[in-house]
Structure formats: structure tokens, C-alpha cells
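Residue 717 in this note's numbering sits at position 119 of the sequence shown, and the numbers go up by one each step.
Think of the CB as a built atom: it goes at the ideal place given N, C-alpha and C, for glycine as much as any other residue.
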Amino acid sequence: MMDHSIINPYMDGRTLHQIFASLLFIPYVWYIYVLFTFKTYKALNSKLFFIMPIVFFLVAVSFFSGIFLLAMRHFVMDFKISAMIFVFLCYAIGEGVRLKKIKFARTSEERFAKYVKGCKIMYICFLVLYIIMMGIAEGMN
599 MMDHSIINPY MDGRTLHQIF ASLLFIPYVW YIYVLFTFKT YKALNSKLFF IMPIVFFLVA
659 VSFFSGIFLL AMRHFVMDFK ISAMIFVFLC YAIGEGVRLK KIKFARTSEE RFAKYVKGCK
719 IMYICFLVLY IIMMGIAEGM N
């Protein structure tokens, strides 16, 4: 059972975490829109690099607020927290792999086309994973 002196800060932190985590769908929908409507590879690349800091900011705030909330719970894990950690790792690894692939994709049009196809698949999977995670989070409250 939680001490009553930390319940209010915990709930405030949880609200902050939920706000930033719920905003995560916006850049992924934006990524998908850009990937399906781009005119040139140069324009696509600049738009992807414009969205990227927004994603990193939202993921970082969600991660650090989640760590603080976990510390306030004395690192007691449950299924919902494990699922959130899994989703965070998927996002982080996926973005890292995407950034590594862009270095090679810029060298030829054929590679860039494969890169775009991979990004479409990855971001659609991220969006589906996000929707599932929000369903799990709401269902377990």
C-alpha cells in the first residue's frame, strides 16, 4: 500500500506521463502521412528529419516520467508496466535502426525506395502497437 504523503505527487506524475504518452500518436500519424504523400526523396528526407526531434522529445519525456513513476512505486512491476517498457524498446530500437539505414539509403534511389517501404511498415506497426498499448492501459485502470 502506498503512503498517503506520496499519492498526490504520484497521481500528478501519472497524469503528466499519460499526457505525453498520449501525444505520441501524432508524429507517427504524421510520419505515415508524409511517407505516403511525398513528391521527391529530398523533400521526404527533410520532412522526416523535421518530425524526428518531436518523436525523440515525446519518447524521452514519457521514458523519464515512467522511470520516476516506477521509482515512486518502489520498482514494483506489473503487466502494464512491462508492456510499456516493451513498447518503449520497440520505438527506441526501431528509430535507431531507421537512422542507421538512412545513411546507406541516401546513396541510391533504389536503396531509398527500400528504405521508404521499410519505414512505412515500421510506422504502421508502431501505430498499431501504440493503439494496443493504449487499450491495455485503459483496460487495466
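Item to check | residue 706 (DSSP reduced to helix, strand or coil) | outcome: Along the sequence shown, one-based indexing puts residue 706 at 108. Look at residue 706 here: in three-state DSSP terms it is coil, with no helix or strand label.
Checklist entry - Buried or exposed: which applies to residue 619, given that a residue is buried once 16 or more other Cβ atoms fall within 10 Å of its Cβ? => result Position 21 of the sequence shown, counted from the first residue, corresponds to residue 619. Buried, because 16 or more other Cβ atoms sit within 10 Å of the Cβ of residue 619.
Item to check | 8 Å Cβ cutoff met for residue 656 and residue 717 | outcome: Stepping through the sequence shown from its first residue, residue 656 is reached at position 58. Stepping through the sequence shown from its first residue, residue 717 is reached at position 119. Contact flag unset, no.
Item to check | Contact under 8 Å by Cβ, residue 713 with residue 630 | outcome: Here residue 713 corresponds to residue number 115 of the sequence shown, with the count starting at 1. Here residue 630 corresponds to residue number 32 of the sequence shown, with the count starting at 1. Not a contact, by the Cβ cut-off of 8 Å.
Next on the checklist: Considering only the alpha carbon of each residue, which of 688, 686, 659 and 636 lies closest to residue 617?
Outcome noted: Taking the first residue of the sequence shown as position 1, residue 617 is located at position 19. 659 is the residue among 688, 686, 659 and 636 whose C-alpha sits nearest the C-alpha of residue 617.
Checklist entry - Do residue 693 and residue 653 have their CB atoms nearer than 8 Å? => result Counting from 1 along the sequence shown, the entry for residue 693 is found at position 95. Counting from 1 along the sequence shown, the entry for residue 653 is found at position 55. The Cβ-Cβ distance between residue 693 and residue 653 falls below 8 Å.
Item to check | Residue interval of the alpha helix (DSSP H) (run including residue 622) | outcome: The residue given as residue 622 occupies position 24 in the sequence shown. That residue, residue 622, is in no alpha helix (DSSP H); it is neither H nor E in DSSP.
Checklist entry - Does any CB atom of chain B fall closer than 8 Å to the CB of residue 697? => result As a matter of chain content, chain B is missing from the structure shown, which is built from one protein chain.
Next on the checklist: For residue 744, which residues in the same chain have their Cβ closer than 6 Å to its Cβ, ignoring the five residues on either side in sequence?
Outcome noted: There is no way to answer for residue 744, as the model of the chain reaches only from 599 to 739.
Item to check | Where residue 638 sits in the DSSP three-state scheme | outcome: Counted from its first residue, the sequence shown places residue 638 at position 40. Here residue 638 carries a coil assignment [DSSP, helix/strand/coil].
Checklist entry - Using the C-alpha atoms, what's the distance from residue 689 back to residue 607? => result As a first step, residue 607 must be located in the sequence shown, where it is residue number 9. As a first step, residue 689 must be located in the sequence shown, where it is residue number 91. If I take the Cα positions, the gap works out to 28 Å.
Item to check | Sequence-distant residues of the same chain with beta carbon closer than 7 Å to residue 610, five excluded per side | outcome: Sequence index remark: in the sequence shown, residue 610 carries index 12 (1-based). If we look at residue 610 and ignore the five residues flanking it on each side, it has no Cβ neighbours.
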